[in-house]
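*Asks:*
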Amino acid sequence: MNDFFKRVTFCILLLFLSFSAFSTESKESGTEKYFNLRKLYYLWTENFYRGDSYYFREIRSTLYSYVDTEFTTPLNYTQVETVHGSKDAALSKFRFSSWLVLMVNNNEPAIKEYKASLSEIRRKRGGSIGITGTVYKYHVVNRENERTVQIYLQNIRIILPPEKP
């Protein structure tokens, strides 16, 4: 009887440890996620060591683990574009370099405030900003001439560079 309880206790402990080891919650900070994703993207485009499909799957599984977590881009040059849609569903597109596109709802207070502060020329020309938000959806574009990662964010904050004195 005593041996039975030892075995049951051991099995329960083993089951608990396996669930805690395979939790899908990401322990990375928001900017670490950005740099990890950028590294995977460049490995994907350069076909480093493995084929296209391996890194494509790695990017998708990494993005899946980022859903409902905070994602932060460092200060980087970006352009703001408005994607056409209905008034409530219109999105703003922030293009970081050629590989990352952040899609944000136009009704977000931070977007309204940021767009209001920009002149039309500055909006087209772009500027250096960072964005922090919660990932709720993603899309990896894998076309012959275009490979991009689209991340849809909500509850965002705009990070502006410090003003020069």
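For what it's worth, our numbering labels the leading residue of the sequence shown as 1499, then goes sequentially.
Backbone N, C-alpha and C define an ideal beta-carbon position, used for all residues, glycine too.
Give the single residue among 1635, 1607, 1655, 1594 whose Cα lies nearest to the Cα of residue 1578.
*Replies:* The candidate whose alpha carbon is nearest that of residue 1578 is 1594.
*Asks:* Within a Cβ cutoff of 7 Å, which residues of the same chain sit near residue 1541, ignoring the five residues on either side of it in sequence?
*Replies:* For residue 1541, where only same-chain residues beyond five positions count, the Cβ hits under 7 Å are 1553.
*Asks:* Taking the continuous alpha helix (DSSP H) assigned at residue 1615, which residues delimit it?
*Replies:* 1607-1615 is the extent of the alpha helix (DSSP H) around residue 1615.
*Asks:* Return the CA-CA distance between residue 1464 and residue 1643, expressed in angstroms with no decimal places.
*Replies:* Any property of residue 1464 remains undetermined from this structure, which presents the chain solely from 1499 to 1663.
*Asks:* Around the C-beta of residue 1571, are 16 or more other C-beta atoms found within 10 angstroms, so that it is buried, or is it exposed?
*Replies:* It is buried - the Cβ of residue 1571 has at least 16 other Cβ atoms within 10 Å.
*Asks:* Distance, Cα to Cα, residue 1529 vs residue 1573?
*Replies:* Roughly 10 Å separates the two Cα atoms.
*Asks:* Just the Cα atoms here: how many angstroms apart are residue 1545 and residue 1539?
*Replies:* For residue 1545 and residue 1539, the distance between alpha carbons rounds to 10 Å.
*Asks:* Given a threshold of 16 other Cβ atoms within 10 Å of its Cβ, counted over all protein chains shown, does residue 1589 qualify as buried or as exposed?
*Replies:* By the 10 Å Cβ count, residue 1589 comes out buried.
*Asks:* When the Cα atoms are used, what is the spatial distance from residue 1519 to residue 1630?
*Replies:* Because residue 1519 carries a pLDDT of 42, less than 50, the predicted location of this residue cannot be relied on, and the following value inherits that uncertainty. Each residue's Cα considered, the two are about 27 Å apart.
*Asks:* Contact between the stretch 1644-1661 and the stretch 1605-1612 is defined here as three or more beta-carbon pairs at a separation below 8 Å; is this criterion met?
*Replies:* Judged by Cβ distances under 8 Å, the stretch 1644-1661 makes contact with the stretch 1605-1612, as three or more pairs qualify.
*Asks:* Just checking my contact of residue 1633 with residue 1543 at CB under 8 Å: how many whole Å lie between their CB atoms?
*Replies:* Not quite, the Cβ-Cβ distance comes to about 22 Å (not below 8 Å), so this is no contact.
*Asks:* Give the straight-line distance between the Cα atoms of residue 1596 and residue 1532, rounded to the nearest whole angstrom.
*Replies:* C-alpha separation (whole angstroms): 14 Å.
*Asks:* According to DSSP, what are the bridge partners of residue 1569?
*Replies:* Partner(s): 1631.
*Asks:* For chain C, check one thing: does any of its Cβ atoms lie closer than 9 Å to the Cβ of residue 1639?
*Replies:* The structure shown contains no chain C; it holds only a single protein chain.
*Asks:* Per DSSP, residue 1603 forms a beta bridge with which residues?
*Replies:* Note: residue 1603 sits in a beta bridge opposite 1589.
*Asks:* According to DSSP, is residue 1626 part of a helix, a strand, or is it coil?
*Replies:* Of the three classes helix, strand and coil, the one that applies to residue 1626 here is strand, per DSSP.
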